[in-house]
Structures are given as C-alpha cells and as structure tokens.
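In this text, residue positions in the first sequence follow numbering that gives the first Met the number 0: the first is 0, and each later residue adds one. Glycine included, every Cβ here is placed at the ideal spot set by N, Cα and C. Since this is a predicted model, take the numbers as computed values, not measurements. Single-structure report; data block below.
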Amino acid sequence: MDALPRHFYDRPTLNVARDLLGCTLVHRLNGRRLSGRIVETEGYVGPQDLASHSRRGPTKANAVMFGPPGYAYVYFTYGMHWLLNAVTEADGFGSAVLLRAIEPLEGQDLIAANRPGRPPLEWTSGPAKLTKALAVDRACNGADLCGGDLFIGAGDRVPDHQVQTGPRIGIASVPEPWRSHPYRFWLKGNPYVSKSR
DNA sequence: TTTACGATCTAT
DNA sequence: TAGATCGTAAAT
Numbered sequence: 000m001d002a003l004p005r006h007f008y009d010r011p012t013l014n015v016a017r018d019l020l021g022c023t024l025v026h027r028l029n030g031r032r033l034s035g036r037i038v039e040t041e042g043y044v045g046p047q048d049l050a051s052h053s054r055r056g057p058t059k060a061n062a063v064m065f066g067p068p069g070y071a072y073v074y075f076t077y078g079m080h081w082l083l084n085a086v087t088e089a090d091g092f093g094s095a096v097l098l099r100a101i102e103p104l105e106g107q108d109l110i111a112a113n114r115p116g117r118p119p120l121e122w123t124s125g126p127a128k129l130t131k132a133l134a135v136d137r138a139c140n141g142a143d144l145c146g147g148d149l150f151i152g153a154g155d156r157v158p159d160h161q162v163q164t165g166p167r168i169g170i171a172s173v174p175e176p177w178r179s180h181p182y183r184f185w186l187k188g189n190p191y192v193s194k195s196r
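Structure below.
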C-alpha cells in the first residue's frame, strides 16, 4: 500500500478530513506494521478557527501545523496524552486534521500489548487511545506522512451515506460559531467511533 | 518565575 | 463526576 501523495493534503481541510475516512493509518515499528482504518476525524481549518491550536499564530509547539501539508503534527495534552494530526493546505497556513479513532487492522497483538487490560473496542476508540495503541508520541511530531514509517494509505472510497458529521469534541470553552460547526466526521455505526460526552 | 489550563481517559 | 499529570504560553 502506497502513502497518499502530498497533494491529497494540499486541499481544503474539511475535504481532507472527510476523505481520510476509510484510509489506513500505518506505523512501521521494529519490522512490524501496526495499522488501522480511520473511522473518525476532525478538521481545524486555520488561524481564524478559534478551536484550533493555530489561532494564536505559530509557536514552538504548533510550528508543524504552519509547515507544508502531509506532515504529522503530534502534541501533548492533559498532562499525559499524545494526539495525532495530519497537516493540511498550503505551507504557512496553520491547519490540520485530528485523527480521533481507528479500527485495528494489522499488528493486533502489538496493539493489544500497548493497551493492557482493555477490551478491543477500547484499544483505538479515541484520539489518545489510538496514539497509545500505535505507539505514536513526540518522536512522530514532524514526521513525513508521505514517505516514512508513519503514513496513511488510501482505502476504499466511503460513500456519502455512510458519513456523519457533527460538532467537534472537547472544545466547550470555544466561542460560537466555532464550537458548533460540524467539523467532525465519522463512519456511521462504526463501533470504534469515540464516545462524546 | 509562576500560574492556569488543555482537540482526554479512566475509575468511582 | 472528578482526578490524574505536565508541557506550553501568558501573566507576573
């Protein structure tokens, strides 16, 4: 499976977020492949988006977001979690797609080992769960998703009637209209889609 | 240098 | 429903 080309990411962020559904996130590690089918994403559409880390302009932590498309923006939050994004749009524009959930495909023995004591449905059904499961952390920040050990491969095209949209999760303190914009995309009925609260 | 908080998860 | 837990950036 080939990595999606850079021009896939050099498009409007919401189109990328929609089209990443059904694609395969792969992490090559120690000669093995850990992978999963992307079932939930969120778009963070640019500095004007008050829910986006890019809203205050480039900083040391979010610099990758402002770089060229097709790179991994990995950041640390809540004192313990790593979250994985794919950078979108033109170099210099701060936008990305957060990968929120995947369905395990390859390397399920290794994935299980990274999620000890948890049932399969809780291995990758959340943005911090999937990074833990696929061993994605700060070392992956800035990785080239178009040609490296962490990449995204094309999947079967997901028809529109299988795609649902809604507001993004975990941004309750963000002002309207950004809080309510339907920038979250998921596969209808897929059991690995994260639980919102 | 100090403080407040966060694109979450888990156990209670 | 609250506690864990710490890097980051704004405030002091």
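Asked	Found
Check whether the stretch 46-65 and the stretch 120-135 touch, using three or more Cβ-Cβ pairs below 8 angstroms as the test.	no
Do you know offhand how far L82's Cα is from G188's?	23 angstroms
Which class does Y74 belong to by DSSP, given the choice of helix, strand or coil?	strand
Could you spell out where the beta strand (DSSP E) holding H213 opens and where it closes?	This structure gives no information on residue 213, because the portion of the chain shown stretches from 0 to 196.
How far does the alpha helix (DSSP H) with I110 in it reach, from first residue to last?	Q107 to N113
For the stretch 98-181, list the alpha helix (DSSP H) runs that are entirely contained and at least 4 residues long, ordered along the chain.	107-113 and 126-132
Could you check if R137 is buried or exposed, using at least 16 other CB atoms within 10 Å of its CB as the buried criterion?	exposed
What first and last residue would you give for the alpha helix (DSSP H) that runs through Y8?	R5 to Y8
Within 10 angstroms of its Cβ, does T164 collect 16 or more other Cβ (buried), or is it exposed?	exposed
Quick one: what does DSSP say N84 is sitting in, helix, strand or coil?	strand
Out of V25, H80 and G42, which one is the CA nearest neighbour of W177?	G42
I need the boundaries of the alpha helix (DSSP H) containing V15, first residue and last residue.	T12 to L19
Using the Cβ count rule (16 or more neighbours within 10 Å means buried), how would you classify A16?	buried
What residue range does the beta strand (DSSP E) around V275 cover?	The structure shown does not extend to residue 275, since the chain is modelled only from 0 through 196, so no value can be given for it.
Classify V96 as helix, strand or coil using the three-state DSSP reduction.	strand
Cα-Cα, which of H160, Y191, S179 and M64 is closest to R167?	S179
Could you check if K194 is buried or exposed, using at least 16 other CB atoms within 10 Å of its CB as the buried criterion?	exposed
What is the DSSP secondary structure of A250, reduced to helix, strand or coil?	Missing from the structure shown is residue 250; the chain here goes from 0 to 196 and no further.
Considering only their Cβ atoms, is the gap separating L33 from L109 smaller than 7 angstroms?	yes
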